[in-house]
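A.B. asks: Take a look at the following structure, please.
Residue numbers (this note's numbering), protein chains in the order written: chain A, 1 to 183; chain B, 1001 to 1257.
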């Protein structure tokens, strides 16, 4: 972590709103991407990002400078997303199941061909088959590049359990995606 | 000598290799030398490549400001509540045939040559009882360390080009992400090969490049101007220079060797 970033974090932790604003501007996009990848829901992802920043503001005093702010914010984002998904699954038990097509989210980069649409839709469908923890672990590894040790800390599990979670997630994704690979 | 043999390599080992997390730095060489394992690794890579299509909706450049507008009024409340909580607390008492980039072949050959070279007896006499050893004889004359150095030097030149382009353009270019993804996987394998040859300083440097390559692969094309500027600043204010210095050192070591 650079000295400039440390200075900003210290100021923000001491209640400096302008400093905290800098952190929000810096990390919003990345946190949104992570939240969306965990929920596949654009509105929920936006809410999660806001909620995560409120929590970060509240807990910033407890942040240790030797840790990575990015990992710390990811941990808060994952926990907030998990809470959201738990609430959602509870709510769904009392509601009529939605047709599957309605839950397919919109992605910004519109695919050009039917084949690309099919791949994206099936990738998202495959992602829905993962458990919350498997999905989080895979997203943190594949897109965020965290080490297995970091992911274990973020998800509050042992390194061994984290590895197995990633293996399971990869295995499920491979089974689902294998038919789409063109040779 | 490595404890792992081609027969015992599982898909989980290949997953760890793909993500640059396998404990055995010689695994890449073992995979490279086996047609079957290379095919399995390529299949894994092709399938996981499809995960990259899981692209989030785009947020505009003002998204960070929008978030701030939304949460800013709530922070004041939180501050007051937080002070209350603190007071309450105080009063009571937190293989060379991988299909991703020709340069990668060099590192795998180098790693293979190194592994086989180490496995040969001190007198250099080997009995070609299996394909691994037979290939070892062919490669016995290769200075594997020099081959690896040369391959990594080529890799760093590619990194230099991509970083220079990134640092000097204000918008993401088509193909940037794909190039970065290829370089990311190659970088992980080069790092492992460097570890296997005891080049720890070089391995540490390659490890340092990884977070930026991940950002270039998955984030740069959707990053806000603020994030992009931050990444560009990181590249300009040192990383690019360090890539060049490291590459120069590698070239000098090749000349003096």
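Idealized CB from N, CA, C, for every residue including glycine.
For residue 27/A and residue 1034/B, what's the separation of their Cα atoms in angstroms?
C.D. replies: Taking the first residue of the first chain as 1, we reach residue 27/A at position 27. Taking the first residue of the second chain as 1, we reach residue 1034/B at position 34. About 43 angstroms.
A.B. asks: I'd like to know whether the C-beta atoms of residue 142/A and residue 154/A end up nearer to each other than 8 angstroms.
C.D. replies: For the purposes of this step, residue 142/A is taken as the residue at position 142 of the first chain. For the purposes of this step, residue 154/A is taken as the residue at position 154 of the first chain. In this structure, residue 142/A lies away from residue 154/A, with their beta-carbon atoms at least 8 angstroms apart.
A.B. asks: Out of 1212/B, 1049/B, 1037/B, state which residue places its alpha-carbon closest to the alpha-carbon of residue 1238/B.
C.D. replies: Residue numbering aside, residue 1238/B sits at position 238 when the second chain is read from its first letter. Comparing Cα-Cα distances from residue 1238/B to each of 1212/B, 1049/B, 1037/B, the minimum goes to 1212/B.
A.B. asks: Shorter than 8 angstroms from the beta carbon of residue 72/A to some beta carbon of chain D?
C.D. replies: You won't find chain D in this structure, because its protein chains are A and B.
A.B. asks: Could you give the first and the last residue of the continuous alpha helix (DSSP H) run that contains residue 1190/B?
C.D. replies: Position 190 of the second chain, counted from the first residue, corresponds to residue 1190/B. It spans 1176–1196 - the alpha helix (DSSP H) in which residue 1190/B sits, taken as one unbroken run.
A.B. asks: Can you give the Cα-Cα distance for residue 1251/B and residue 1240/B, rounded to whole angstroms?
C.D. replies: The residue you call residue 1251/B lines up with position 251 of the second chain. The residue you call residue 1240/B lines up with position 240 of the second chain. In this model, residue 1251/B and residue 1240/B are separated by some 17 angstroms (Cα to Cα).
A.B. asks: At a Cβ threshold of 8 angstroms, is residue 129/A touching chain B?
C.D. replies: The residue labelled residue 129/A in the question sits at position 129 within the first chain. No, residue 129/A lies away from the interface with chain B (no Cβ there is under 8 angstroms from its Cβ).
A.B. asks: Listing by chain order, which chain B residues have their CB less than 9 angstroms from the CB of residue 141/A?
C.D. replies: Looking up residue 141/A in the first chain gives position 141. The contact set of residue 141/A on chain B, defined by CB atoms closer than 9 angstroms, consists of 1019, 1021 in chain order.
A.B. asks: Exposed or buried, what is residue 1144/B when buried is set at 16 or more other beta-carbons lying within 10 Å of its beta-carbon?
C.D. replies: Taking the first residue of the second chain as 1, we reach residue 1144/B at position 144. That one is buried.
A.B. asks: Please report the straight-line C-alpha distance between residue 190/A and residue 1069/B, rounded to a whole angstrom.
C.D. replies: No answer is possible for residue 190/A: the residues shown for chain A start at 1 and end at 183.
A.B. asks: Between 119/A, 37/A, 157/A, which has its C-alpha nearest residue 174/A's C-alpha?
C.D. replies: Looking up residue 174/A in the first chain gives position 174. It is 119/A whose Cα lies nearest to the Cα of residue 174/A.
A.B. asks: Would you mind sorting residue 37/A into buried or exposed? The rule is 16 or more other CB atoms within 10 Å of its CB.
C.D. replies: The residue given as residue 37/A occupies position 37 in the first chain. With 16 or more other Cβ atoms within 10 Å, it is buried.
A.B. asks: With DSSP run on the structure shown, which of helix, strand or coil describes residue 1071/B?
C.D. replies: Sequence index remark: in the second chain, residue 1071/B carries index 71 (1-based). DSSP places residue 1071/B in helix when its eight states are reduced to three.
A.B. asks: Looking only at C-alpha atoms, which of 1229/B, 1031/B, 1045/B sits nearest to residue 1193/B?
C.D. replies: Start at 1 with the first residue of the second chain, and residue 1193/B comes out as number 193. Closest by alpha carbon: 1031/B.
A.B. asks: Taking 8 angstroms as the threshold (beta carbon to beta carbon), is residue 1012/B in contact with chain A?
C.D. replies: Position 12 of the second chain, counting from 1, holds the residue named residue 1012/B. Closer than 8 angstroms: yes.
A.B. asks: Quick one, which residues of the stretch 170–181 of chain A are near chain B if we go by CB-CB under 8 angstroms, in chain order?
C.D. replies: 170, 171, 173, 174, 177, 178, 180, 181
A.B. asks: Is the beta carbon of residue 60/A sitting closer than 8 angstroms to the one on residue 125/A?
C.D. replies: Locating residue 60/A in the first chain gives position 60, counting from the first residue. Locating residue 125/A in the first chain gives position 125, counting from the first residue. Contact flag unset, no.
A.B. asks: Would you say residue 3/A lies against chain B (beta-carbon separation less than 8 angstroms)?
C.D. replies: By one-based count along the first chain, residue 3/A stands at place 3. Chain B, which has no Cβ nearer than 8 angstroms to the Cβ of residue 3/A, makes this no.
A.B. asks: Going by Cα to Cα distance, which pick from 158/A, 58/A, 84/A, 1/A is closest to residue 68/A?
C.D. replies: In the first chain, residue 68/A corresponds to position 68, counting from 1. Checking every option, the nearest Cα to that of residue 68/A belongs to 1/A.
A.B. asks: Please find out if some non-hydrogen atom of the ligand NAD comes closer than 7 angstroms to the beta-carbon of residue 1152/B.
C.D. replies: The ligand NAD is absent from the structure shown, which contains no ligand whatsoever.
A.B. asks: Quick test of your reading: residue 123/A and residue 1053/B, contact by CB under 8 angstroms. State the CB separation rounded to the nearest angstrom.
C.D. replies: By 1-based counting over the first chain, the position of residue 123/A is 123. By 1-based counting over the second chain, the position of residue 1053/B is 53. At roughly 5 angstroms, the Cβ-Cβ gap stays under 8 angstroms, so residue 123/A and residue 1053/B are in contact.
A.B. asks: Mapping the DSSP letters down to three states, classify residue 129/A as helix, strand or coil.
C.D. replies: Stepping through the first chain from its first residue, residue 129/A is reached at position 129. Coil.
A.B. asks: Scan the stretch 7–21 of chain A for residues whose Cβ lies nearer than 8 angstroms to a Cβ of chain B and list them as they occur along the chain.
C.D. replies: 15, 17, 20, 21
A.B. asks: For a contact defined as C-beta to C-beta under 7 angstroms, what are the partners of residue 160/A on chain B?
C.D. replies: In the first chain, the residue the question calls residue 160/A occupies position 160. Under the 7 angstroms cutoff, chain B gives no residues; its nearest Cβ is about 12 angstroms from residue 160/A.
A.B. asks: Taking residue 37/A as the query, report the chain B residues whose CB atoms sit under 7 angstroms from its CB, ordered along the chain.
C.D. replies: Working through the first chain from its first residue, we reach residue 37/A at position 37. Residues of chain B passing the Cβ test: 1054, 1056.
A.B. asks: Tell me which residue opens and which closes the alpha helix (DSSP H) that residue 1014/B is part of.
C.D. replies: Taking the first residue of the second chain as position 1, residue 1014/B is located at position 14. Counting along the chain, the alpha helix (DSSP H) containing residue 1014/B begins and ends at 1011–1018.
A.B. asks: By how many angstroms is the C-alpha of residue 1223/B removed from the C-alpha of residue 1205/B?
C.D. replies: Looking up residue 1205/B in the second chain gives position 205. Looking up residue 1223/B in the second chain gives position 223. Taking the straight line from one Cα to the other gives about 25 angstroms.
A.B. asks: Examine chain A for any beta-carbon lying closer than 8 angstroms to the beta-carbon of residue 1185/B, and answer yes or no.
C.D. replies: By 1-based counting over the second chain, the position of residue 1185/B is 185. No, residue 1185/B lies away from the interface with chain A (no Cβ there is under 8 angstroms from its Cβ).
A.B. asks: Do residue 1012/B and residue 32/A have their C-beta atoms within less than 8 angstroms of each other?
C.D. replies: In the second chain, residue 1012/B corresponds to position 12, counting from 1. In the first chain, residue 32/A corresponds to position 32, counting from 1. For residue 1012/B and residue 32/A, no; Cβs fall outside 8 angstroms.
A.B. asks: Just the Cα atoms here: how many angstroms apart are residue 157/A and residue 151/A?
C.D. replies: If you number the first chain from 1, residue 157/A lands on position 157. If you number the first chain from 1, residue 151/A lands on position 151. Taking the straight line from one Cα to the other gives about 8 angstroms.
A.B. asks: Between the stretch 1206–1218 of chain B and chain A, which residues of the former have CB atoms less than 9 angstroms from a CB of the latter, in chain order?
C.D. replies: Residues 1210, 1211, 1213, 1214, 1215, 1217, 1218.
A.B. asks: What does the alpha-carbon distance come out to for the pair residue 1075/B and residue 1067/B?
C.D. replies: Taking the second chain and counting its residues from 1, the one referred to as residue 1075/B is at position 75. Taking the second chain and counting its residues from 1, the one referred to as residue 1067/B is at position 67. So the two alpha carbons sit approximately 12 angstroms from each other.
A.B. asks: In whole angstroms, give me the CA-to-CA distance for residue 1190/B and residue 1152/B.
C.D. replies: For the purposes of this step, residue 1190/B is identified with residue 190 of the second chain, where counting begins at 1. For the purposes of this step, residue 1152/B is identified with residue 152 of the second chain, where counting begins at 1. Their backbone Cα atoms lie some 7 angstroms apart in a straight line.
A.B. asks: If contact means a Cβ-Cβ distance below 7 angstroms, which residues of the stretch 116–127 of chain A contact chain B?
C.D. replies: Hits within the stretch, in order: 119, 120, 123, 124, 127.
A.B. asks: Helix, strand or coil: which one does DSSP assign to residue 1029/B?
C.D. replies: By one-based count along the second chain, residue 1029/B stands at place 29. Here residue 1029/B sits in helix by DSSP.
A.B. asks: From residue 178/A to residue 1045/B, what does the alpha carbon distance come to, in whole angstroms?
C.D. replies: Translated into the one-based positions of the first chain, residue 178/A becomes position 178. Translated into the one-based positions of the second chain, residue 1045/B becomes position 45. Between residue 178/A and residue 1045/B, the C-alpha separation is close to 11 angstroms.
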